Amino acid sequence: GAGVSQSPSNKVTEKGKDVELRCDPISGHTALYWYRQSLGQGLEFLIYFQGNSAPDKSGLPSDRFSAERTGGSVSTLTIQRTQQEDSAVYLCASSSKGPQETQYFGPGTRLLVL
Amino acid sequence: AQSVTQLGSHVSVSEGALVLLRCNYSSSVPPYLFWYVQYPNQGLQLLLKYTSAATLVKGINGFEAEFKKSETSFHLTKPSAHMSDAAEYFCAVSDSRTGNQFYFGTGTSLTVIP
Chain A
1 GAGVSQSPSN KVTEKGKDVE LRCDPISGHT ALYWYRQSLG QGLEFLIYFQ GNSAPDKSGL
61 PSDRFSAERT GGSVSTLTIQ RTQQEDSAVY LCASSSKGPQ ETQYFGPGTR LLVL
Chain B
115 AQSVTQLGSH VSVSEGALVL LRCNYSSSVP PYLFWYVQYP NQGLQLLLKY TSAATLVKGI
175 NGFEAEFKKS ETSFHLTKPS AHMSDAAEYF CAVSDSRTGN QFYFGTGTSL TVIP
């Protein structure tokens with residue numbers, strides 16, 4: 001596609017529910033990144049995929065967070081048993097090869113946990 | 115491990131004045147360094163990057179940054195501020211060896227006073 005797309009753009013959920021956030025990277029980009037941006041905070045790195053593999057998952061905040069990427073394209077970030085502190089904007093980015101390349105960011109998913 | 119520190123969460127300059135946004139990094143291996151900008155109600159976009167080539171890097175919109183290994187700095191400058199430069203600026207570092215993690219600073223909000 002023309003750019004990175006994310007869905008949904010907004011998500012309101014109740015505490016304890018599971019949510020799935022989707023990212024469609026730019027076609028042909030092998031690297032994909034997930035970040036979290038909380039109010040007044042910088043961007044918190046969550047996970048990086050090269051192809052379908054995530055070499056390092058230590059950035060995920062807790063075991064309630066998981067991510068996968070299939071077919072070297074679409075990625076899903078899942079948050080189980082959501083908590084109010086999970087409320088944030090979740091950003092996805094992709095780059096053509098790896099971390100030395102420019103990352104192109106999606107518009108983000110704004111998650112609100114009530 | 116890598117980290118980024120941006121000194122000054124808010125910077126105000128007069129239109130036409132020098133812009134200087136500070137970024138210091140910590141990295142045990144040669145880093146990749148980036149500056150990203152987020153204009154109001156827009157997504158993040160790359161301003162410039164350092165990936166071990168020239169230490170003085172020129173980016174879009176008249177911005178440039180100099181990699182100084184001895185000072186572990188990558189400060190962003192622009193000789194003359196324009197009203198359209200008002201935005202949030204993020205410095206970021208990546209490990210050039212593995213690239214498995216990507217660290218953003220907490221951001222600096224630039225205000226340009228007419």
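If you read the sequences in order, they're chains A and B. When the letters of the first sequence are read in order and numbered with this note's numbering, they come out as residues 1 to 114. When the letters of the second sequence are read in order and numbered with this note's numbering, they come out as residues 115 to 228. No residue lacks a Cβ here, since even glycine has one placed at the ideal position from N, Cα and C. Just so it is clear, the structure is predicted and the values come from calculations on it, not from any experiment.
Asked	Found
Buried versus exposed call for B:T225 [16 or more other C-beta atoms within 10 Å across all chains shown]	exposed
Pairwise C-alpha distance: A:G28 and A:L39	32 Å
Min CB distance B:Y146 to chain A below 8 Å	yes
Residue environment, A:L91, which counts as buried when at least 16 other CB atoms sit within 10 Å	buried
Run of the beta strand (DSSP E) containing B:F181, from where it starts to where it stops	E178 to K182
Sheet register partners of A:D24 (DSSP bridge)	A:S5
B:E202 in three-state terms, based on DSSP	strand
The ligand COA heavy atom lying under 7 Å from the CB of A:L112	Of ligands this structure carries none, so the ligand COA is not represented either.
With 16 other Cβ atoms within 10 Å as the buried cut-off, status of B:T169	exposed
B:G122 to A:T82 span [Cα, whole Å]	33 Å
Spatial distance of A:V12 from A:T109 (CA atoms)	10 Å
A:Q84 versus A:S5 - alpha carbon distance	25 Å
Outcome for B:V151 when other beta-carbon atoms lying within 10 angstroms are tallied against a minimum of 16	buried
Terminal residues of the beta strand (DSSP E) in which A:E68 lies	F65 to R69
Cutoff 8 Å: B:T119 Cβ touching any chain A Cβ	no
Selected residue, minimal CA-CA separation from B:A167, among A:V113, A:Q100, A:E20 and A:G106	A:Q100
When A:A2, A:G16, A:S53 and A:R22 are compared against A:S75, the one with the closest alpha-carbon	A:R22
Proximal chain E residues relative to A:F45, where beta-carbon distance stays under 8 Å	Among the protein chains of the structure shown, namely A and B, there is no chain E.
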